[in-house]
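Enquirer: FYI, full-length UniProt numbering numbers position 43 of the sequence shown as 43, with every residue one higher than the one before it. Positions of the beta carbon are idealized from the N, C-alpha and C atoms, including for glycine. Here you go, one structure.
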Amino acid sequence: FELHLGWVASQGWDATAAREAGEEWAAAYSQYNAVVGQREGRVATPVFDGVESDELRGLLENTNVNRDGDRLIGASGKAQLFDGRTGDPFPEPVSVGYMYMLKLHHLVDDKIHARSTGPYSMVTQQPLGGKAQFGG
């Protein structure tokens, strides 16, 4: 089940046949995931020269299927997320991916640093530099 979007896009995409085979493909893919135990279908994407948006939309509709055969991400590339405190869904679908998770590490509260007094270097007798050393 090596998925290669670039190959499929260059060979053409039949949206009608994809819709008809969608449920059959989802069942086969979920059975494969149950045997393997994890998602092994990797997606390699070369530059999309000459690929129509309908072809890419069709590819997105048939990817990211979980073990139950449910599509977690729609054709827009966004997923429906739920509030962990209340269990209510967010009003709009959200783009989810590595970059969005990495951005959570860069919060303002973690960046603020001030020094009125603090440690000094024994050699130069100057204040240490940087937040990690309580410097200034």
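If we count the other Cβ atoms within 10 Å of its Cβ and call it buried at 16 or more, is E55 buried or exposed?
Expert: Per the 10 Å Cβ criterion, buried.
Enquirer: Take the Cβ of E40 as the centre, count every other Cβ of all protein chains shown within 10 Å, and call the residue buried at 16 or more, exposed below.
Expert: Only weak support is given to the placement of E40: the predicted model assigns it a pLDDT of 49, under 50, and the question is left unresolved by the model.
Enquirer: For chain C, check one thing: does any of its Cβ atoms lie closer than 9 Å to the Cβ of D83?
Expert: This model lacks chain C altogether, as it is built from one protein chain only.
Enquirer: Leaving out the 5 sequence neighbours to the left and right, which residues in its chain are closer than 6 Å to L81 when beta-carbon positions are compared?
Expert: Only F90, V94 meet the Cβ criterion.
Enquirer: Count the other CB atoms, across all protein chains shown, that sit within 10 Å of the CB of residue 194; report buried if there are 16 or more and exposed otherwise.
Expert: Nothing can be reported for residue 194: it is not among the residues displayed for the chain, which extend from 1 to 136.
Enquirer: Tell me the DSSP bridge mates of V96?
Expert: Answer by DSSP bridge pairing: none, since V96 is not bridged.
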